[in-house]
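Just below is one structure, and these are the notes that go with it.
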Amino acid sequence: MQTKLHINLTQGIIDVEGDVELVKAVYEDFKDRMVGHAAPPPPPAESPATPAADAGNGAAPKSKRPARKRKKAKLNDNEESIINPDAPKLDKSLDTSKLGAYFGEYKVGNHPERVLIFLKFLIEELGIENPNTDQVYTCYQAVNERIPKVFSQAFRDASGRKFGYIDYNSPTDVPITTVGDNYFKFDLKRKGAE
Numbered sequence: 001m002q003t004k005l006h007i008n009l010t011q012g013i014i015d016v017e018g019d020v021e022l023v024k025a026v027y028e029d030f031k032d033r034m035v036g037h038a039a040p041p042p043p044p045a046e047s048p049a050t051p052a053a054d055a056g057n058g059a060a061p062k063s064k065r066p067a068r069k070r071k072k073a074k075l076n077d078n079e080e081s082i083i084n085p086d087a088p089k090l091d092k093s094l095d096t097s098k099l100g101a102y103f104g105e106y107k108v109g110n111h112p113e114r115v116l117i118f119l120k121f122l123i124e125e126l127g128i129e130n131p132n133t134d135q136v137y138t139c140y141q142a143v144n145e146r147i148p149k150v151f152s153q154a155f156r157d158a159s160g161r162k163f164g165y166i167d168y169n170s171p172t173d174v175p176i177t178t179v180g181d182n183y184f185k186f187d188l189k190r191k192g193a194e
């Protein structure tokens, strides 16, 4: 007669199939090992009748582990809020009045090229040393271009092996690489030059 035993202590699976004596022997061995390695019992919980609870003016006893407090991200002096590349915000202080003409000079085929053009505009035309992803998002809005579904992916693509136009380190650290500079100056197609 075949007997089957299956024990799954959170994926520490033991499967045994065979005659009754074999399955019993494996089970007994497993049980003995589990009893030998049993976890120590948890420390006794404080009961409301303990003297520590009575001394607290009838207040509820404190829990053993205090709730973790979340640390707020520290903001720089010039940042009003945290910049999240997956949920970009419009930068209303950005002057995009010249962006339409600047962007209109180029034949753009993909998002990495758009990101490169927007970063060049922000750095060269507006004099922003370290443009961020929110400012690039504002440029997308200003020229009425389709925004990528996953906005941060456009930056990852522009910095990847295929393009390498930028070095995307964080939402506030997006420098243009030498490859990006060369592509912008020599390879990016302009609308008038055909």
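Each residue of the sequence shown is one higher than the last, beginning at 1 in the UniProt record's numbering.
From the three backbone atoms N, C-alpha and C, an ideal C-beta is built for every residue, glycine too.
Beta-carbon proximity check, Leu-116 vs Val-143, cutoff 8 Å: Not closer than 8 Å, so no.
Beta-carbon separation (whole angstroms), Gly-164 vs Thr-177, contact threshold 8 Å: About 6 Å; that satisfies the 8 Å criterion.
Span separating the alpha-carbon of Ser-159 from that of Glu-113: One C-alpha to the other measures close to 11 Å.
Identified DSSP bridge partners for Arg-190: According to DSSP, which records beta bridges pairwise, Arg-190 is partnered with Tyr-106.
Contacting residues, own chain, Cβ-Cβ under 8 Å from Arg-156 (five flanking each side not counted): By the criterion of a C-beta distance shorter than 8 Å, Arg-156 is surrounded in its chain by Tyr-168, once the five residues flanking it on both sides are discounted.
Range of the contiguous alpha helix (DSSP H) that encloses Gln-153: For Gln-153, the enclosing alpha helix (DSSP H) begins and ends at 151 to 159.
Beta-carbon proximity check, Thr-133 vs Leu-90, cutoff 8 Å: Between Thr-133 and Leu-90, the C-beta spacing is not below 8 Å.
Burial state of Ile-166, where buried means 16 or more other Cβ atoms lie within 10 Å: Buried.
Three-state secondary structure assigned by DSSP to Thr-172: Residue state, collapsed to three classes: coil.
Secondary structure of Val-16, DSSP reduced to three states: Of the three classes helix, strand and coil, the one that applies to Val-16 here is strand, per DSSP.
Local Cβ density within 10 Å of Lys-189, reported as buried at 16 or more and exposed below that: It counts as exposed.
CB-CB length for Glu-125 against Tyr-106, believed under 8 Å: No, Glu-125 and Tyr-106 are not in contact; Cβ-Cβ is about 14 Å, not under 8 Å.
Euclidean distance between Cα positions of Ala-87 and Val-150: Answer to the nearest angstrom: the Cα atoms are 9 Å apart.
Bridge partner(s) assigned by DSSP for Lys-4: Note: Lys-4 is bridge-paired with Glu-17 in the DSSP secondary-structure output.
Own chain partners of Leu-75 with C-beta closer than 6 Å, once the 5 adjacent residues on each side are dropped: Low per-residue confidence applies at Leu-75: pLDDT is 46, beneath 50, and the placement is therefore not dependable, though the value from the model is reported in the following sentence. Answer for Leu-75: no residue qualifies.
C-alpha distance - Arg-161 paired with Val-179, whole-angstrom precision: Cα-Cα distance, rounded: 11 Å.
Leu-122 versus Val-174, Met-34, Lys-24, residue with shortest Cα-Cα distance: Of Val-174, Met-34, Lys-24, the residue nearest in Cα terms is Val-174.
Residues near Thr-3 by beta carbon distance below 6 Å, same chain, minus five either side: Val-20, Val-23.
The alpha helix (DSSP H) enclosing Gly-180, as first and last residue numbers: Judged by DSSP secondary structure, Gly-180 falls within the alpha helix (DSSP H) whose first and last residues are 178 to 182.
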